[in-house]
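Using the working numbering, the letters of the sequence shown map in sequence onto residues 3 to 452.
Glycine residues also receive a C-beta, built at the ideal position from the N, C-alpha and C atoms.
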Amino acid sequence: MAFPFASAAMDTVTESKMAIAMALQGCIGVLHANCPPQEQVKLVQRVKGYENGFISNPAVMSPTCTVADLDDLKAERNISGVPITEDGSIGSKLVGLCTKRDLDLVDERHEPLSEHMTPVDDLILGREGCSLEEAQEIIKVSKKGYLPIVDAEGNLCALTTRTDLLKTRDFPHSTKDPLTGKLRVAAAVGAGPDDRDRIAMLVEAGVDVLVIDERNGDTTEQIDQVRHIKAKYPKVDVIGGNVVTRSQALALLDAGVDAVRVGMGAGSVSTTQQVRAVGRAQISAVYHVSKLARAYGVPVIADGGIMNTGCGIKALGMGASVLMMGSLLAGTEEAPGEYFYQQGMRLKHYHALTSVESQQNARARDAAMAAAKGTSGVSGVVVDRGSLHRFVPYMAQSVRHGFQDMGVKSLADLHAEVYEGTIRFEVRSPSAQKEGGVHDLHSYSRKLYA
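In structure tokens, the structure reads:
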């Protein structure tokens, strides 16, 4: 990850559109689990299929398929063209390519693709084993939109496109697998054994990180789940939590988690500390858990309480390696849900997964059980923040300036200087806090980014 930001696993924050945008911006999105496993798998597949470099399992059709069949496939997969092979499968002999340009002027949609496809002899092909850079150079020189990759016998092995080349240029910091070029994505799962089928399906779909999404991470169920995942899927990273004390984090660290989420009742829509009288000030929790996790070489994620860039910089300074954000991202265009207007303001709905609204959602898993447990969250609205592609660069630049003002070059340097005592925190009085904000003005406008 180029930037230490993650979107929260909430149904009003992260679905495939948000996860794709976060990955393109060099961050990562955590897909919520407030849906059936099959639907969550589809969200993972949309992210993994968005930017591929080499598409190892492209949509393929046979010459006997009709133009109407291709129209249906385009609508379903959001693609503009497909390779045509002898039997309509990957690994079969390539015979042509059918793109939008081939079919734009075709009126009869029931004609076979063989009558309209560009034959293989007229295509520019890449050879099996070529690198992504070599494939992109071929596309650049040939000015073609598609480059099928074939083996020595002419069988289709993979596909890469000009669109992927443009995405690589426009989003140089994107979070993706260096070998496949696919965007990285995380997904939330539960701690119980009944979630193991969901876990297996997500791993098969290609998920990179599993986040055990529980309010209290210090349970026997979660420890068993961590051990199960690490034993069965050692290549998949596991994030445990949530915790707020060293003793809570210790069992997770000993179980082998790859990261720990910190936060209990610190989120803007959480009422945990009011309803259950359990929680901790987020900055204290991050500091103490990070100090322990540092000895294990495990990063900490500050989950909740990130009200603005200043809060984020404080959390990073206290030892966090990643900021997980909910309300800050819920108002962006990429968040699920539609905008609505209220008193002249453009807004979006935002609610906690433990709120009544979320538990009554028809897609909610174990809705009856969740309702019986009671609620510890509220539902509200957030102001429109525009596109994530403008908001994340603003966040990243603010963090850079904060680091610059502290005189540190990187997050690792910041953590080292904090633990060495070179950088220290001071408690500010109410007067100092007032002095540090905007003051002594009749009025002012607050526009944080263009």
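### Task
Can you give me the Cβ contacts of residue 303 inside the same chain, cut-off strictly under 8 Å, excluding the 5 residues immediately before and after it?
The beta carbon of residue 303 sits closer than 8 Å to those of 8, 241, 243, 261, 262, 263, 264, 322, 323, 324, 325 and 326, all from its chain and outside the five residues before and after it, given in chain order.
### Task
Determine the contact status of residue 102 and residue 82, defining contact as a CB-CB distance below 7 Å.
In this structure, residue 102 lies near residue 82, with their beta-carbon atoms less than 7 Å apart.
### Message
Run through the DSSP bridge pairs and tell me what residue 100 is partnered with.
### Response
Among the bridge pairs identified by DSSP, residue 100 is matched with 84.
### residue 344 to residue 33 span [Cα, whole Å]
Roughly 29 Å separates the two Cα atoms.
### Message
Tell me which residues share the same chain as residue 248 and place their Cβ nearer than 7 Å to its Cβ, disregarding the 5 neighbours each side in the sequence.
### Response
Closer than 7 Å at the Cβ level, and outside the excluded window around residue 248, lie 290, 291 and 294.
### Task
Report the rounded CA-to-CA distance for residue 92 versus residue 38, giving the unit in angstroms.
Approximately 30 Å, taken between the alpha carbons.
### Message
On a Cα-Cα basis, can you pick out the residue from 110, 162, 16 and 48 that is closest to residue 333?
### Response
Among 110, 162, 16 and 48, the Cα nearest to that of residue 333 belongs to 16.
### Query
Around the Cβ of residue 336, are there at least 16 other Cβ atoms within 10 angstroms (buried) or fewer (exposed)?
Under this definition residue 336 is a buried residue.
### Query
By Cβ distance, which residues of its chain are closer than 6 Å to residue 13, with the 5 residues on each side in sequence left out?
Within the same chain, 34 and 36 come within 6 Å of residue 13 by CB-CB distance, once the 5 residues on both sides are set aside.
### Cross-strand partners of residue 343 (DSSP beta bridge)
Listed as beta-bridge partners of residue 343 by DSSP are 348.
### Query
Hey, quick one: how far does the beta strand (DSSP E) through residue 148 stretch, first residue to last?
Start and end: 148 to 152.
### Query
Helix, strand or coil for residue 449 per DSSP?
Three-state DSSP puts residue 449 in coil, outside helix and strand.
### Task
Let me know the alpha helix (DSSP H) ranges lying completely inside the segment 271 to 296, each 4 residues or longer, listed in chain order.
Runs found: 274 to 277.
### Task
Quick one: using the 10 Å Cβ neighbour count with 16 as the cut-off for buried, is residue 428 buried or exposed?
With fewer than 16 other Cβ atoms from the protein chains shown falling within 10 Å of its own Cβ, residue 428 counts as exposed.
### Query
Taking the alpha-carbon positions, what's the residue 10 to residue 215 distance?
When rounded, the distance between both Cα atoms is 10 Å.
### Query
Would residue 387 pass as a contact of residue 393 if the rule is Cβ separation under 7 Å?
Yes, they are a contact pair.
### Query
Given that a residue counts as buried once 16 or more other Cβ atoms are within 10 Å of its Cβ, and exposed if not, what is residue 282?
The C-beta of residue 282 has 16 or more other C-beta atoms within 10 Å across all chains shown, which makes the residue buried.
### Query
In this structure, what does DSSP give as the bridge partners for residue 157?
Per the DSSP secondary-structure output, residue 157 pairs in a beta bridge with 95.
### Collapsed DSSP secondary structure at residue 320 in the structure displayed
Here residue 320 sits in coil by DSSP.
#### Entry: Helix, strand or coil at residue 20 [DSSP, three-state]
Residue state, collapsed to three classes: helix.
### Message
Excluding the 5 residues flanking residue 374 on each side, which residues of the same chain have their C-beta closer than 7 Å to its C-beta?
### Response
Low confidence applies here, because residue 374 scores a pLDDT of 48, under 50, leaving its location unreliable; read the following figure in that light. Nothing listed; no residue qualifies.
### Message
For residue 370 and residue 431, I'd like the C-alpha separation in whole angstroms.
### Response
Model confidence at residue 370 stands at a pLDDT of 47, short of 50, so the residue's coordinates are unreliable and nothing is read from them.
### Query
Rounded C-beta distance between residue 503 and residue 45? I'm assuming under 8 Å.
Residue numbering for the chain in the displayed model covers 3 to 452; residue 503 lies beyond these limits and cannot be assessed.
### Pair within 7 Å by beta-carbon distance, residue 351 and residue 383
In this structure, the beta-carbon distance from residue 351 to residue 383 falls below 7 Å.
### Task
Please determine if the segment 21 to 30 and the segment 177 to 194 are in contact, where contact requires at least 3 C-beta pairs separated by less than 8 Å.
By the Cβ rule, the segment 21 to 30 counts as touching the segment 177 to 194, because three or more pairs are nearer than 8 Å.
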